[in-house]
Amino acid sequence: MQVYQVDESSQVGMVRREVARLCRSLGFDESLTGKATLIATELGTNLVKHGGGGEVILNVLHRDEAAGLELLSLDKGPGIEDPGRALRNGFSTAGSLGGGLGSVRRLASEFDMYTRTGMGTGVLARLWKGDGAGARDGLCKVGAVNLPLKGEERCGDTWAVYQTGSRCVVMVVDGLGHGDAAGEVAARARVCFAANHEEDPVRLLQALHEALRGTRGAAVLVAETLPGRREIRYAGVGNVEGRVLEGTQGQRLVSRNGIVGFQMPRVQEMSTRWPPRGMLIMHSDGVGGRWDPSDYPGLVSRHPTLIAGILYRDHQRVRDDSTVVVVKDRGP
Numbered sequence: 068m069q070v071y072q073v074d075e076s077s078q079v080g081m082v083r084r085e086v087a088r089l090c091r092s093l094g095f096d097e098s099l100t101g102k103a104t105l106i107a108t109e110l111g112t113n114l115v116k117h118g119g120g121g122e123v124i125l126n127v128l129h130r131d132e133a134a135g136l137e138l139l140s141l142d143k144g145p146g147i148e149d150p151g152r153a154l155r156n157g158f159s160t161a162g163s164l165g166g167g168l169g170s171v172r173r174l175a176s177e178f179d180m181y182t183r184t185g186m187g188t189g190v191l192a193r194l195w196k197g198d199g200a201g202a203r204d205g206l207c208k209v210g211a212v213n214l215p216l217k218g219e220e221r222c223g224d225t226w227a228v229y230q231t232g233s234r235c236v237v238m239v240v241d242g243l244g245h246g247d248a249a250g251e252v253a254a255r256a257r258v259c260f261a262a263n264h265e266e267d268p269v270r271l272l273q274a275l276h277e278a279l280r281g282t283r284g285a286a287v288l289v290a291e292t293l294p295g296r297r298e299i300r301y302a303g304v305g306n307v308e309g310r311v312l313e314g315t316q317g318q319r320l321v322s323r324n325g326i327v328g329f330q331m332p333r334v335q336e337m338s339t340r341w342p343p344r345g346m347l348i349m350h351s352d353g354v355g356g357r358w359d360p361s362d363y364p365g366l367v368s369r370h371p372t373l374i375a376g377i378l379y380r381d382h383q384r385v386r387d388d389s390t391v392v393v394v395k396d397r398g399p
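Each number in our numbering comes from the position in the sequence shown (counting from 1) with 67 added on.
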């Protein structure tokens, strides 16, 4: 996942060129690459002309046999007073290529937007190689933002998800500090998760503790949603935050003090209700925890990646890596 600051027109071209490079690496054909670069141009130009500048986050997607590219633009500008008008084909940003946000929606395989007057706008566009048939969501719909501290190449945070027909297990890891040493913690955690994702949250946490010995350690939260039982089981050590939301009402997940890989306490599995069409939000301490769902009317109905992006935009702590993971129940 890469983030680009876009405050002036020359930076739009930089994002467009990187999008073209990523498309080539994914094996996109000329038509799909053209769509992706037009989307990048429109999103970047909107940031410069209307958003007061902002960020474009690029993410390569792999789901089963499908490969895709995700573009997420975020700004804290004036917002869009008439989103319906902005999304109509033919309503274009002055001087830009493409046909405005309506064209972005038409060109993208998946599209979503959240805007509030005076607070800014977030726009999500995804493109999938081929017909995207291998890109179907599983039991839960999942999205995330996972970015290193500005100026760092490696991110000390990581996350992972594994789904079957009856369970969805999610892990968020915050390696202590940032940079290469924390990045090594994150890398080991991903390998461990891949080998142990069939385990329950406590056993997975214990496996992570063994895998991270000899490193600086991490804060970790592992949660397992069981929609058939309407239950979440979880275990956590350190200050990775988790909340289960039903509408705008939330319940925090409780973690133990300690450091996974260094000094981990005895961990007990906890559980709470997983409501129909509920949502689980997990984030590292690079994102502040004082957000209130009621401050974002309508956000809970948006795509998980867009929700993660808005929370990252408004609550990131600029001196740390940042991760937000959002899991949404598909409901009956």
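Even for Gly, the Cβ is constructed at its ideal location relative to N, Cα and C.
Can you tell me which of the options puts its alpha carbon nearest to the alpha carbon of residue i?
i: Leu279; options: Val392, Gly250 and Gln383; result: Gly250
i: Cys327; options: Val304, Gly317, Glu308 and Phe178; result: A quick correction: the sequence has Val, not Cys, at residue 327. Ranking the options by Cα distance to Val327, first place goes to Val304.
i: Val236; options: Asn213, Cys90, Thr315 and Cys207; result: Cys207
i: Arg234; options: Ile299, Gly144, Glu137 and Gln330; result: Ile299
i: Thr315; options: Arg344, Glu266 and Val321; result: Arg344
i: Ser338; options: Gly119, Gly232 and Gly309; result: Gly309
i: Pro150; options: Gly119, Thr184 and Glu177; result: Thr184
i: Gly205; options: Glu265, Trp226, Gln230 and Glu220; result: Gln230
i: Met68; options: Asp74, Leu125 and Leu320; result: Leu125
i: Asp144; options: His129, Gly118 and Val287; result: Going by the sequence as given, residue 144 is Gly instead of Asp. Looking at the Cα atoms, Gly118 is the closest of the given residues.
i: Gln330; options: Val73, Glu277 and Gly232; result: Glu277
i: Thr292; options: Leu110, Arg397 and Ser368; result: Arg397
i: Asp74; options: Leu110, Pro332 and Glu148; result: Leu110
Near residue i, what residues of its chain come up, given a Cβ to Cβ distance below 7 Å and the 5 sequence neighbours on each side ignored?
i: Gly101; result: none
i: Ser351; result: Asp224, Val239, Asp241, Val307, Asp388, Ser389 and Thr390
i: Thr402; result: Since the first and last residues shown for the chain are 68 and 399, residue 402 lies out of range.
i: Ile377; result: Tyr181, Gly189, Tyr363 and Leu366
i: Leu89; result: Leu125, Val127 and Leu136
i: Ala274; result: Cys259, Asn263 and Glu266
i: Glu313; result: Pro342 and Gly345
i: Ser368; result: none
i: Val321; result: Met337
What is the C-beta distance between residue i and residue j, in whole angstroms, given that I count them as a contact (C-beta under 8 Å)?
i: Pro294; j: His245; result: With a Cβ gap of about 35 Å, Pro294 and His245 do not count as contacting.
i: Lys395; j: Met346; result: 5 Å
i: His370; j: Asp131; result: Not confirmed; about 19 Å, so no contact.
i: Arg323; j: Val334; result: 6 Å
i: Lys217; j: Val82; result: In fact, because the Cβ distance is near 16 Å, the residues do not count as touching under 8 Å.
Tell me which residues share the same chain as residue i and place their Cβ nearer than 6 Å to its Cβ, disregarding the 5 neighbours each side in the sequence.
i: His382; result: Val354, Gly355 and Trp358
i: Val289; result: Met238, Pro268, Leu271, Leu272 and Ala302
i: Gly242; result: Gly223, Ala249, Val252, Ala253 and Ala285
i: Glu220; result: none
i: Ser19; result: Given that the chain is displayed from residue 68 to residue 399, the structure contains no residue 19 and the question cannot be resolved.
i: Thr372; result: Leu191 and Gly210
i: Asp247; result: Arg221
Would you list the residues sitting across from residue i in a DSSP beta bridge?
i: Met337; result: Tyr301
i: Arg124; result: Note that residue 124 corresponds to Ile in the displayed sequence, not to Arg. DSSP output for Ile124 lists Val70 and Leu139 as bridge partner(s).
i: Ser389; result: Leu214
i: Asp241; result: Asp224 and Ala286
i: Val311; result: Gln318 and Leu347
i: Thr231; result: Answer by DSSP bridge pairing: none, since Thr231 is not bridged.
i: Thr180; result: Reading the sequence as shown, one finds Met at residue 180 and not Thr. Note: Met180 sits in a beta bridge opposite Val190.
Are the CB atoms of residue i and residue j nearer to each other than 8 Å?
i: Ile374; j: Val392; result: no
i: Val86; j: Thr104; result: yes
i: Gly146; j: Gly187; result: yes
i: Asp224; j: Thr390; result: yes
i: Cys259; j: Asp388; result: no
i: Ser98; j: Val123; result: no
i: Val240; j: Val228; result: no
i: Ser76; j: Val115; result: yes
i: Glu137; j: Arg193; result: yes
i: Thr108; j: Val70; result: no
i: Val171; j: Val190; result: yes
i: Leu168; j: Ala153; result: yes
i: Trp341; j: Arg297; result: yes
i: Gly325; j: Pro360; result: no
Can you list, in chain order, the residues of its chain whose CB lies under 8 Å from that of residue i, leaving out five sequence neighbours each side?
i: Gly94; result: Ala134 and Lys196
i: Gly162; result: Annotation note: pLDDT 43 at Gly162 (below 50); position unreliable, coordinate value reported separately. These residues qualify, in order along the chain: Thr112 and Lys116.
i: Ala261; result: Ala227
i: Glu336; result: Asp267, Pro268, Val269, Arg300, Tyr301 and Ala302
Quick one: does residue i have its CB under 8 Å from some CB of chain C?
i: Glu251; result: Checking the listed chains, one finds no chain C in this structure; it contains a single protein chain.
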